[in-house]
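Taken in order, the sequence shown gives residues 1 to 508; the numbers are from the working numbering. Ideal placement from N, C-alpha and C gives every residue a C-beta, glycine not left out. This one's a predicted model, so the numbers in the text were calculated from it and none came from an experiment.
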Amino acid sequence: MTMAPASSFLALSGIAVSTVTLLYLFPRRRQSFVEPYPPGPESPNIPALDAWIQFQEWGREYGDLVYIRENNMLILNNAHVANDLLDKRARIYSDRAMTNTMKLCGFDDILSVQQYSDKWRGNRRLFQQNFRNSVNSRFYPDQYKEIHQFLQNLMDVPEEFMQHMMLLSQGIIYASLYGLDIRSDKFVAQRVERTVLSFARALSESFPAFERFPWLRFMPSWFPGCGFQEVAKECIAVINEADTIPFDQAVKNLKMGTGTSLIAELVLESEGNPVAIDRIKAMGTTMSSISSFFLTMTQHPEVQLKAQAEIDHVIGRDRLPTFEDRHSLPYVESVYREIMRMHPPLPADLPHVSTEDDVYRGYYLPKGCQVIANICFEQACTMLKDVRRGINRDPNMFPEPDKFMPERFLNSPTPTGPFTNINNIYAFGFGRRVCAGRHMADNTVWLTIVSVLATLDLRKAKDDAGNEIDIPGEYTKTFFRHPVPYQSSITPRDLQARDLIFATAVVH
Ligand code: HEM
C-alpha cells in the first residue's frame with residue numbers, strides 16, 4: 001500500500017540521466033514516475049477566503065481526489081475516499097502541519113494541532129478517557145444548568161441571543177472542566193477572548209524568513225523578519241494566563257472543599273503533570289452549531305412546529321426535556337442531524353498530514369501531503385449547481401442536498417438513519433484525529449436544540465410597520481464558520497413555557 005511494487009523500481013532503474021536530474025530536483029517524489037499524481041490544477045491560485053468554493057470547482061473538474069502539486073495538498077470530495085484514507089489508513093494520515101512560528105507560540109501543547117507523536121497519543125488518551133461516551137453523564141448537571149440559564153437569558157434579553165450562545169458554549173466547557181462559573185468571572189471570559197485572538201494572529205500571520213531560518217529566534221525582535229517574536233511572546237503570555245488562572249482556581253476550590261472539577265481531580269491524580277485540553281475550538285464549534293440551528297428554525301417555522309408537536313406528544317408540557325428522552329424524539333434528532341450536515345462549523349475539517357508515501361486508486365500520494373476532507377461549504381454548494389459536491393452535499397448520499405429536509409434521516413435506512421452512532425456525523429471529522437470532544441458536543445447541541453424547541457418560538461423580527469425583516473442567512477467566510485449576526489424574534493411559546501423556564505432558576 002505504501003510502497004511501489006518491486007517491478008516499478010526495476011522499470012525505474014532503466015530510465016536515463018534526465019530522469020536522475022528530475023529525481024534530484026524532487027527527491028521525495030520519485031514514485032510519481034510509476035503512478036501518476038491525482039488530477040488537479042497546475043499552478044492554482046488558492047484564495048485566502050472561501051477557498052472551499054474553489055475546491056468545489058476543482059471537484060467538478062477533477063473528481064473525488066484533487067491534488068495541488070505546488071502545495072502538496074490533497075482535497076477529498078467524497079466520504080468513501082475520506083474514510084479510506086483518513087480512517088482505514090489512519091496510521092499514515094494522522095499528522096498535523098506544524099510551522100516554526102506555531103511551535104514558538106506554544107502550539108505544540110495544544111492537542112488539536114499537535115503532531116502525530118507519543119506526546120499527542122498520551123494527551124489524546126487522557127482526553128478520551130474523560131470524554132468518551134460512557135462517562136459523559138458526569139457533565140449532565142453542568143449541561144442542564146447552563147442550558148437552562150441560556151433559556152432564561154433568551155427570555156430576559158432576547159436581542160442579545162448571539163452573546164448568550166457564546167456564553168453558553170464557553171460556560172459549559174468552563175463549568176465541566178474547571179467547575180467554574182464563567183458568568184461570575186468576567187476576567188476569565190476576557191482572557192479567553194484574548195487567547196482566541198492571539199491564536200488567530202499566530203496562525204494567520206506568516207513569517208517566511210523564520211520558517212526558513214529557525215535560528216532567527218536568537219536575533220532581537222527589531223531585526224528584519226523577526227516580527228514573529230512579538231506574536232510569539234503575546235501568544236505564550238495569553239496561553240499561560242488562560243491556562244493557569246482557571247486551573248489554579250479549580251485546584252484551590254478542590255483543596256478548600258468548595259467545589260470539584262475534572263481538571264482539578266486529574267491534576268491531583270497525576271501529581272502536577274500538565275493536562276492537555278482544548279478549549280478554543282471546543283467553545284466556538286458548539287456556538288456555531290447552535291446559532292445555525294437558530295437561523296435555520298427562523299427560516300423554517302414549519303419544521304419548528306412539527307418538532308414542537310413531537311415534543312408535546314412524547315413529553316407533554318409540564319416538564320423540560322432530558323437526555324433520557326432522546327430516543328423517543330426521532331424528528332428532533334433528524335433536525336439536529338440535518339443542521340450538522342448542512343452547517344458543519346469546520347467545513348474543511350482540520351487538515352491531516354501524511355507521514356509516508358502512499359498509492360491509492362492508482363495514484364501516487366507523496367509523504368507530507370496536507371489532506372483536506374471537504375466536508376462542505378454552503379455558499380459553495382448553492383452557487384454551483386450540479387457540481388460534484390463536498391461530502392455532506394453528495395447527492396448520492398443525500399438527495400436534493402441543498403434542501404433542509406430533516407425527513408431524509410427518518411426515511412432512509414441505516415447507516416444514515418438518525419439513531420445510528422455519531423460516527424456518521426462527518427462534521428466531527430475522520431480517523432484517529434476525529435473530534436475528541438464529540439460526545440460532549442453532540443449532547444450539548446442536542447439538549448440545547450430540544451430545550452429551545454420545547455419552550456421558545458423563533459421567528460423573523462418585524463420592523464416598525466409590522467413587516468417581517470428578511471434574513472440573508474449569510475455565514476462568515478472563514479475557516480471556522482458561523483452565521484453572521486441577524487435580527488430575530490425570540491419569545492416563550494406561551495405562559496406555561498415561561499413558567500417552566502422560571503422554575504429552572506429554583507432547581508439550580
Ligand atoms: C459541534 C461541536 C464540535 C464540532 C463540529 C467539532 C469538530 C471538530 C473537527 C472537525 C475536528 C478535526 C477532526 C479531524 O482532524 O478530522 C475536531 C477536533 C477536536 N475537537 Fe472538536 N468539535 C466540536 C466540539 C468540541 C468540544 C466540545 C470539544 C471538547 C470538549 C472538542 C475537542 C476537540 C479536540 C481535542 C480535537 C482535536 C483532536 C485531535 O487532533 O486529536 N471539540 N473537532
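Taking residue i as the reference, which of the options has the closest Cα?
i, options, result
"Tyr426", "Glu407, Met397, Glu42, Lys403", "Met397"
"Leu168", "Asn153, Gly179, Val157", "Asn153"
"Arg60", "Gly390, Ser488, Asn467, Ser117", "Gly390"
"Ala454", "Ile173, His148, Glu407", "His148"
"Ala209", "Tyr67, Ala465, Asn100", "Asn100"
"Pro36", "Ala307, Val359, Arg138", "Val359"
"Leu151", "Ala465, Ala175, Ile449", "Ile449"
"Ser94", "Cys435, Asp464, Pro485", "Cys435"
"Asn374", "Phe293, Gln54, Arg432", "Gln54"
"Val452", "Phe213, Gln308, His343, Leu365", "Gln308"
"Ala175", "Gln143, Met155, Met166", "Gln143"
"Ala90", "Glu356, Lys145, Cys376", "Glu356"
"Arg319", "His482, Asp118, Arg498, Phe213", "Arg498"
"Cys105", "Asp470, Ala237, Gly466", "Ala237"
"Cys235", "Ile46, Met102, Ala465", "Met102"
"Phe428", "Pro141, Lys367, Asp87, Val314", "Asp87"
"Ile471", "Lys460, Ala465, Asp464", "Lys460"
"Asp402", "Glu42, Trp120, Thr296", "Thr296"
"Leu85", "Arg433, Phe223, His313", "Arg433"
"Glu42", "Glu70, Glu57, Gln56", "Glu70"
"Asn392", "Ile173, Asn77, Val314, Gly362", "Asn77"
"Ile172", "Gly466, Arg408, Asp442, Asp464", "Asp442"
Since residue i contacts residue j with CB under 8 Å, what's their CB separation in whole angstroms?
i, j, result
"Pro345", "Ser288", "4 Å"
"Glu302", "Val332", "So it is not a contact: roughly 15 Å between Cβ atoms."
"Gly473", "Gln299", "6 Å"
"Thr286", "Thr444", "5 Å"
"Trp120", "Gln128", "Contact doesn't hold; Cβ gap of about 12 Å is too wide."
"Ser354", "Ile46", "That pair is no contact at about 19 Å."
"Tyr475", "Pro483", "6 Å"
Cβ of residue i within 8 Å of Cβ of residue j?
i, j, result
"Phe430", "Ala82", "yes"
"Ile372", "Ile75", "yes"
"Ser488", "Leu458", "yes"
"Ser221", "Glu211", "no"
"Met440", "Phe131", "yes"
"Ile97", "Pro351", "According to the sequence displayed, residue 97 carries Ala and not Ile. Yes; because the gap between Cβ atoms is below 8 Å, this pair is in contact."
"Leu447", "Ser334", "no"
"Ile501", "Phe161", "no"
"Pro44", "Tyr62", "no"
"Gly227", "Leu216", "no"
"Ile182", "Gln170", "yes"
"Lys462", "Glu468", "yes"
"Asn72", "Cys369", "yes"
"Pro492", "Met155", "yes"
"Ile263", "Leu177", "yes"
"Val34", "Tyr364", "yes"
"Gln249", "Leu329", "no"
"His327", "Phe419", "yes"
Exposed or buried, which one is residue i when buried takes at least 16 other CB atoms within 10 Å?
i, result
"Val513", "A query on residue 513 cannot be resolved here, the shown segment of the chain reaching from 1 to 508 and no further."
"Asn423", "exposed"
"Val506", "exposed"
"Met256", "exposed"
"Glu324", "exposed"
"Leu495", "exposed"
"Phe294", "buried"
"Ser292", "buried"
"Glu146", "buried"
"Ala380", "Any reading at Ala380 must be qualified, since the residue scores a pLDDT of 42, below 50, and its modelled position is unreliable; the value itself is stated next. Per the 10 Å Cβ criterion, buried."
"Ala6", "Confidence at Ala6 is low in this model, with a pLDDT of 31, below 50, so its placement is unreliable and the value that follows should be read with caution. Classification for Ala6: exposed."
"Gly437", "buried"
"Ala232", "buried"
"Glu338", "buried"
"His508", "exposed"
"Ala503", "exposed"
"Arg124", "buried"
"Gly349", "The question names Gly, yet the displayed sequence has Asp at residue 349. Buried, by the Cβ-count rule."
"Ser137", "exposed"
Could you check whether the Cβ of residue i sits closer than 8 Å to any Cβ belonging to chain D?
i, result
"Leu216", "Among the protein chains of the structure shown there is no chain D, as only one such chain exists."
If you measure from the CB of residue i, is any heavy atom of the ligand SAH nearer than 7 Å?
i, result
"Thr478", "As presented, the structure is devoid of the ligand SAH, carrying the ligand HEM as its sole ligands."
Any alpha helix (DSSP H) of 4 or more consecutive residues that is wholly inside the segment 286 to 324: Segments of the alpha helix (DSSP H) lying fully in the segment 286 to 324: 301 to 315.
Start-end ranges of the beta strand (DSSP E) lying completely within the segment 49 to 114, minimum 3 residues: Those beta strand (DSSP E) runs which fall completely within the segment 49 to 114 and span 3+ residues are 65 to 68, 73 to 76.
Runs of alpha helix (DSSP H) wholly within the segment 112 to 140 (minimum 4 residues, chain order): The qualifying runs are 118 to 131.
Completely contained alpha helix (DSSP H) runs for the segment 429 to 508, where each covers 4 or more residues: Unbroken alpha helix (DSSP H) runs of no fewer than 4 residues, entirely contained in the segment 429 to 508, are found at 438 to 455, 495 to 507, following chain order.
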